[in-house]
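A.B. asks: So in numbering that gives the first Met the number 0, spot 16 of the sequence shown is number 15, and the numbers just go up one at a time.
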Amino acid sequence: MQAAHEKRAAFIEGTLSVSPDSLGVVIFPCVDGTQRLQAPNDYVASVLRNARLSTLKVNLASHGERLAPAGVRPSPETGGWIADMSARLGAVCDWVREQPETRDVPIGLFAGGDCAVAMMRLAAESPAGISAIVSRGGRLDLAERALLTRLHVPTLLIVGGLDQRLLGLHRTAFSQLRCRKKLEVIPGATHAFEEPGNQEVVARLARGWFQLHATGAPQSAFPH
Numbered sequence: 000m001q002a003a004h005e006k007r008a009a010f011i012e013g014t015l016s017v018s019p020d021s022l023g024v025v026i027f028p029c030v031d032g033t034q035r036l037q038a039p040n041d042y043v044a045s046v047l048r049n050a051r052l053s054t055l056k057v058n059l060a061s062h063g064e065r066l067a068p069a070g071v072r073p074s075p076e077t078g079g080w081i082a083d084m085s086a087r088l089g090a091v092c093d094w095v096r097e098q099p100e101t102r103d104v105p106i107g108l109f110a111g112g113d114c115a116v117a118m119m120r121l122a123a124e125s126p127a128g129i130s131a132i133v134s135r136g137g138r139l140d141l142a143e144r145a146l147l148t149r150l151h152v153p154t155l156l157i158v159g160g161l162d163q164r165l166l167g168l169h170r171t172a173f174s175q176l177r178c179r180k181k182l183e184v185i186p187g188a189t190h191a192f193e194e195p196g197n198q199e200v201v202a203r204l205a206r207g208w209f210q211l212h213a214t215g216a217p218q219s220a221f222p223h
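In structure tokens form, the structure reads like this:
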């Protein structure tokens, strides 16, 4: 798919996979095309599709932004970066609502890093049609308290037990959230969740959260 984002005339590239008898669609935004970042999302997406959830993997960074040298490429700490990524993700959600295969099903969001903060901002400012979000190792140091308290979409935070830098931030952010929420700390997991079995745990937790909140369907409707 290609969704145009008018603010910077960027084209957002992505791949939509529609499950038969889909009960919802989960969007996986990222800002990089490296295999190291995509592989975990590929696994989680496959688990969700087996649970009758369609998936859309999108790269919010433009082609030029992805090719730019590290010193030139926009940084999450740069003013406006999170807001711009949130706006692009909003354009993707609009595109999803226009497609015959996905216009009548709820939208869920799954992201890590700074994209997790961008999706939280979108869900806080434009929650219509977004039924649940899952943050895996999100850069919650970039999430302001005002953003967290405005978020009313059911939110699952997943963090590695060995990720000391983010673990404390997640606990603080969790206490500030006013929505339906859950914090899952995976023992023995580092920031990338690369240890054996951890991706399976992340996928199971995400699937359970979307089953409960993103579709509104009873648990008995889903395979386990």
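The beta-carbon is built from N, C-alpha and C at its ideal position, and this holds for glycine as well.
(1) Excluding the 5 residues preceding and the 5 following residue 36 in the sequence, name in chain order all residues of the same chain whose CB lies nearer than 7 angstroms to its CB.
(2) To the nearest angstrom, how far is the alpha carbon of residue 89 from that of residue 178?
(3) Residues in its own chain within less than 8 angstroms of residue 170 by CB, not counting five upstream and five downstream?
(4) Among the residues of its own chain, which have a CB less than 7 angstroms from the CB of residue 149, if the five just before and after it don't count?
(5) For residue 101, name the three-state secondary structure that DSSP assigns.
(6) Rounded to the nearest angstrom, how far is the Cβ of residue 24 from that of residue 95, given a contact under 8 angstroms?
(7) Between 87, 79, 82 and 81, which has its C-alpha nearest residue 58's C-alpha?
(8) Which residue from 154, 19, 109 and 103 puts its Cα closest to that of residue 175?
(9) Using 10 angstroms around the beta-carbon of residue 49, count the other beta-carbons present and answer buried if the total reaches 16, otherwise exposed.
(10) Rounding to the nearest angstrom, what Cα-Cα distance links residue 11 and residue 114 in this structure?
(11) If we require 3 or more residues per run, which beta strand (DSSP E) segments fall completely within the segment 175–201?
(12) What are the complete beta strand (DSSP E) segments, minimum 3 residues, inside the segment 107–168?
(13) Could you compute how far the alpha carbon of residue 97 sits from the alpha carbon of residue 103?
(14) Pick helix, strand or coil for residue 22, following the three-state DSSP scheme.
(15) Considering only residues of the same chain and omitting the five flanking positions on each side of residue 180, which have a CB-CB separation below 6 angstroms?
(16) Closest to residue 55 by C-alpha separation, out of 81, 190, 83 and 100, would be which residue?
(17) CA-CA distance, residue 107 and residue 43?
(18) Within a Cβ cutoff of 7 angstroms, which residues of the same chain sit near residue 118, ignoring the five residues on either side of it in sequence?
C.D. replies: Working from what's here:
(1) No answer about residue 36 holds up, because its pLDDT of 46 lies below 50 and its placement is not dependable.
(2) 20 angstroms
(3) 182
(4) 123
(5) coil
(6) 6 angstroms
(7) 87
(8) 154
(9) exposed
(10) 14 angstroms
(11) 180–185
(12) 129–137 and 154–159
(13) 9 angstroms
(14) coil
(15) 154
(16) 100
(17) 13 angstroms
(18) 28, 88, 108, 110 and 132
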